[in-house]
Amino acid sequence: MNVDEALRARRSVKHFDPAVVIDDDTLRELIRPVLYTPTSFNLQHWRFVLVRDSARKSELCRAAFNQVQVRDASLVALIVGKLDAHTDAARVWQGAPDRVQASMRRTIDALYAGDAGLQRDEAVRSGAMASMALLLRATEMGFATCPLIGFDDAEVRRVLGIPADYVSALLICVGRAVAEPHPRVGRFGLDEVVRLEHFDGVPLADIP
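Sequential numbering from 3 applies to the sequence shown in our numbering.
Right under this line is the structure:
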(Lines of atoms letter the chains of each structure in order from A; the text may use other names.)
(Lines give C-alpha, C1' and ligand atoms only; values in the text may rest on other atoms or scores of the structure.)
Protein backbone atom coordinates (compact mmCIF):
# COMPACT_ATOMS: atom_id res chain seq x y z
CA MET A 3 0.00 0.00 0.00
CA ASN A 4 1.42 3.39 -0.97
CA VAL A 5 0.69 6.75 0.65
CA ASP A 6 -2.07 7.65 -1.81
CA GLU A 7 -3.81 4.33 -1.15
CA ALA A 8 -3.47 4.71 2.62
CA LEU A 9 -4.93 8.22 2.54
CA ARG A 10 -7.92 7.04 0.54
CA ALA A 11 -8.41 3.84 2.56
CA ARG A 12 -8.25 5.45 6.00
CA ARG A 13 -11.65 5.86 7.60
CA SER A 14 -12.80 6.66 11.14
CA VAL A 15 -14.10 3.31 12.36
CA LYS A 16 -16.51 3.22 15.29
CA HIS A 17 -16.81 -0.54 15.91
CA PHE A 18 -13.79 -2.69 16.74
CA ASP A 19 -13.31 -6.37 17.59
CA PRO A 20 -12.39 -6.34 21.31
CA ALA A 21 -10.89 -9.84 21.07
CA VAL A 22 -8.01 -8.72 18.84
CA VAL A 23 -4.67 -8.31 20.66
CA ILE A 24 -1.78 -6.16 19.42
CA ASP A 25 1.48 -7.54 20.82
CA ASP A 26 4.66 -5.64 21.67
CA ASP A 27 6.43 -6.56 18.42
CA THR A 28 3.51 -5.20 16.42
CA LEU A 29 3.53 -2.03 18.53
CA ARG A 30 7.19 -1.50 17.67
CA GLU A 31 6.47 -2.09 13.99
CA LEU A 32 3.63 0.42 14.19
CA ILE A 33 5.40 3.20 16.08
CA ARG A 34 9.03 3.11 14.87
CA PRO A 35 8.37 4.70 11.45
CA VAL A 36 6.24 7.40 13.11
CA LEU A 37 9.35 8.63 14.92
CA TYR A 38 10.60 9.96 11.58
CA THR A 39 7.78 12.52 11.55
CA PRO A 40 9.26 16.03 11.15
CA THR A 41 9.44 18.45 14.05
CA SER A 42 10.68 22.01 14.34
CA PHE A 43 14.45 22.04 14.94
CA ASN A 44 14.30 18.23 15.36
CA LEU A 45 12.95 18.75 18.91
CA GLN A 46 10.68 15.69 18.72
CA HIS A 47 7.98 17.10 20.99
CA TRP A 48 5.70 14.08 20.68
CA ARG A 49 5.24 11.30 23.21
CA PHE A 50 2.92 8.30 22.83
CA VAL A 51 1.00 6.67 25.68
CA LEU A 52 -0.21 3.30 24.38
CA VAL A 53 -3.07 1.66 26.27
CA ARG A 54 -4.14 -1.99 25.87
CA ASP A 55 -5.39 -2.79 29.38
CA SER A 56 -9.16 -3.36 29.33
CA ALA A 57 -9.85 -1.64 32.65
CA ARG A 58 -7.88 1.44 31.65
CA LYS A 59 -9.57 1.56 28.25
CA SER A 60 -12.91 1.48 30.06
CA GLU A 61 -11.81 4.48 32.12
CA LEU A 62 -10.78 6.28 28.95
CA CYS A 63 -14.09 5.37 27.35
CA ARG A 64 -15.94 7.13 30.16
CA ALA A 65 -13.63 10.13 29.77
CA ALA A 66 -14.44 10.10 26.04
CA PHE A 67 -18.17 10.43 26.72
CA ASN A 68 -18.75 6.68 26.38
CA GLN A 69 -17.67 6.37 22.77
CA VAL A 70 -17.50 2.59 22.48
CA GLN A 71 -14.56 2.53 20.08
CA VAL A 72 -12.31 3.60 22.95
CA ARG A 73 -13.41 0.60 24.99
CA ASP A 74 -13.30 -1.96 22.17
CA ALA A 75 -10.20 -0.98 20.18
CA SER A 76 -7.14 -3.16 20.66
CA LEU A 77 -5.02 -0.09 21.27
CA VAL A 78 -5.79 3.45 22.37
CA ALA A 79 -2.94 5.91 21.85
CA LEU A 80 -2.78 9.34 23.43
CA ILE A 81 -0.37 11.58 21.56
CA VAL A 82 0.95 14.47 23.63
CA GLY A 83 3.46 17.23 22.96
CA LYS A 84 6.21 18.36 25.30
CA LEU A 85 5.80 22.07 26.02
CA ASP A 86 9.42 22.69 27.00
CA ALA A 87 10.96 20.55 24.25
CA HIS A 88 13.36 23.42 23.51
CA THR A 89 15.27 22.41 26.64
CA ASP A 90 16.27 19.20 24.83
CA ALA A 91 18.21 21.11 22.16
CA ALA A 92 21.61 19.96 23.38
CA ARG A 93 20.53 16.29 23.31
CA VAL A 94 18.90 16.29 19.89
CA TRP A 95 21.80 18.14 18.24
CA GLN A 96 24.50 16.04 19.91
CA GLY A 97 26.75 14.59 17.23
CA ALA A 98 26.54 17.60 14.94
CA PRO A 99 29.70 19.72 14.49
CA ASP A 100 30.42 21.90 17.53
CA ARG A 101 29.72 25.09 15.58
CA VAL A 102 26.31 23.76 14.48
CA GLN A 103 25.43 22.60 18.01
CA ALA A 104 26.20 25.99 19.49
CA SER A 105 24.28 27.85 16.80
CA MET A 106 21.21 25.63 17.09
CA ARG A 107 21.11 25.89 20.89
CA ARG A 108 21.26 29.70 20.72
CA THR A 109 18.59 29.90 18.03
CA ILE A 110 16.22 27.47 19.72
CA ASP A 111 16.55 29.16 23.11
CA ALA A 112 16.04 32.63 21.63
CA LEU A 113 12.93 31.48 19.77
CA TYR A 114 11.12 29.44 22.41
CA ALA A 115 12.31 30.42 25.90
CA GLY A 116 9.72 32.62 27.58
CA ASP A 117 7.13 32.23 24.80
CA ALA A 118 4.51 29.90 26.27
CA GLY A 119 2.15 30.41 23.33
CA LEU A 120 4.72 29.35 20.76
CA GLN A 121 5.78 26.41 22.92
CA ARG A 122 2.19 25.18 23.01
CA ASP A 123 1.59 25.77 19.31
CA GLU A 124 4.73 23.84 18.41
CA ALA A 125 3.89 20.95 20.74
CA VAL A 126 0.39 20.63 19.26
CA ARG A 127 1.68 20.92 15.67
CA SER A 128 4.25 18.21 16.25
CA GLY A 129 1.72 15.98 17.99
CA ALA A 130 -0.75 16.47 15.14
CA MET A 131 1.80 15.55 12.48
CA ALA A 132 2.81 12.45 14.41
CA SER A 133 -0.87 11.55 14.79
CA MET A 134 -1.40 11.61 11.03
CA ALA A 135 1.71 9.52 10.51
CA LEU A 136 0.38 6.99 13.02
CA LEU A 137 -2.99 6.85 11.25
CA LEU A 138 -1.32 6.18 7.90
CA ARG A 139 1.10 3.62 9.30
CA ALA A 140 -1.73 1.73 11.01
CA THR A 141 -3.73 1.77 7.77
CA GLU A 142 -0.73 0.46 5.84
CA MET A 143 -0.49 -2.43 8.33
CA GLY A 144 -4.14 -3.33 7.77
CA PHE A 145 -5.55 -1.87 10.97
CA ALA A 146 -8.66 0.27 11.29
CA THR A 147 -8.35 3.55 13.18
CA CYS A 148 -10.41 6.33 14.71
CA PRO A 149 -8.91 9.69 15.74
CA LEU A 150 -10.73 11.46 18.56
CA ILE A 151 -10.76 14.96 19.99
CA GLY A 152 -14.02 14.36 21.88
CA PHE A 153 -12.80 13.65 25.38
CA ASP A 154 -12.49 15.25 28.79
CA ASP A 155 -8.85 16.22 28.65
CA ALA A 156 -8.44 16.67 32.41
CA GLU A 157 -9.89 13.21 33.06
CA VAL A 158 -7.79 11.53 30.37
CA ARG A 159 -4.71 13.19 31.80
CA ARG A 160 -5.64 11.96 35.27
CA VAL A 161 -6.21 8.38 34.10
CA LEU A 162 -2.90 8.27 32.23
CA GLY A 163 -0.82 10.37 34.62
CA ILE A 164 0.15 13.02 32.06
CA PRO A 165 2.46 15.69 33.56
CA ALA A 166 1.52 19.36 33.39
CA ASP A 167 4.31 20.17 30.92
CA TYR A 168 2.68 18.10 28.16
CA VAL A 169 -0.31 19.09 26.02
CA SER A 170 -2.76 16.58 24.55
CA ALA A 171 -2.98 16.41 20.76
CA LEU A 172 -5.23 13.46 19.94
CA LEU A 173 -6.58 10.08 21.00
CA ILE A 174 -6.30 7.38 18.34
CA CYS A 175 -8.07 4.02 18.45
CA VAL A 176 -6.43 1.15 16.55
CA GLY A 177 -7.74 -2.35 15.92
CA ARG A 178 -9.75 -4.55 13.57
CA ALA A 179 -13.10 -3.27 12.33
CA VAL A 180 -16.22 -5.40 12.80
CA ALA A 181 -18.43 -3.13 10.69
CA GLU A 182 -17.83 -1.06 7.59
CA PRO A 183 -17.92 2.71 8.06
CA HIS A 184 -20.62 4.69 6.32
CA PRO A 185 -19.86 5.81 2.75
CA ARG A 186 -17.84 9.00 2.46
CA VAL A 187 -19.89 12.14 2.11
CA GLY A 188 -19.28 15.86 1.79
CA ARG A 189 -15.67 16.02 0.59
CA PHE A 190 -14.74 19.44 -0.80
CA GLY A 191 -13.14 19.53 -4.23
CA LEU A 192 -9.77 20.98 -5.20
CA ASP A 193 -11.43 24.04 -6.67
CA GLU A 194 -12.89 24.95 -3.28
CA VAL A 195 -9.87 24.42 -1.05
CA VAL A 196 -6.85 25.16 -3.28
CA ARG A 197 -5.79 28.56 -4.63
CA LEU A 198 -2.74 29.25 -6.78
CA GLU A 199 -0.19 31.86 -5.67
CA HIS A 200 -2.51 33.88 -3.39
CA PHE A 201 -5.51 33.27 -1.10
CA ASP A 202 -7.64 35.12 -3.65
CA GLY A 203 -5.88 33.38 -6.54
CA VAL A 204 -7.18 31.09 -9.26
CA PRO A 205 -8.70 27.81 -7.99
CA LEU A 206 -6.99 24.56 -8.97
CA ALA A 207 -9.71 22.79 -10.94
CA ASP A 208 -10.42 19.11 -10.28
CA ILE A 209 -10.51 18.50 -14.04
CA PRO A 210 -8.05 20.30 -16.38
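Backbone N, C-alpha and C fix where the C-beta goes; we use that ideal spot for every residue, glycine too.
- The region 123–141 makes no contact with the region 92–103: fewer than 3 CB pairs, one atom from each, lie closer than 8 Å.
- Here D208 really is in contact with G191; their C-beta atoms are around 5 Å apart, less than 8 Å.
- Here L172 is near A130, since their CB atoms are less than 8 Å apart.
- Contact between M3 and E182 does not hold, since the beta-carbon distance rounds to 18 Å and is not under 8 Å.
- In this structure, DSSP gives P40 a state outside helix and strand, which the three-state scheme calls coil.
- Secondary structure of L77 (DSSP, three-state): strand.
- Put simply, of A21, T41, C175 and A125 the residue whose alpha carbon is nearest the alpha carbon of A166 is A125.
- Close CB contacts of I164 within its chain, under the 8 Å cut and outside five residues either way in sequence, are with V51, L80, V82, V158 and S170 (chain order).
- DSSP lists T147 as the bridge partner or partners of S14.
- If you ignore the 5 residues before and after D155, its C-beta comes within less than 8 Å of the C-beta of S170, all in its own chain and listed in chain order.
- V158 carries a helical assignment under DSSP once its states are collapsed to helix, strand and coil.
- Between the beta-carbon of G177 and that of V72 there is about 11 Å, and that puts the pair past the 8 Å contact cut.
- Judged by DSSP secondary structure, A91 falls within the alpha helix (DSSP H) whose first and last residues are A91 to V94.
- The alpha-carbon of Q46 is positioned some 31 Å away from that of R197.
- Of the residues F18, S14, P40 and V53, the one whose Cα lies closest to the Cα of L162 is V53.
- In chain order, A66, F67 and Q69 place their CB closer than 7 Å to the CB of G152, counting only its own chain and leaving out the 5 sequence neighbours on each side.
- Rounded to the nearest whole angstrom, the C-alpha separation of H88 and I110 is 6 Å.
- Following the DSSP letters along the chain, one finds V187 in no alpha helix (DSSP H), marked with neither H nor E.
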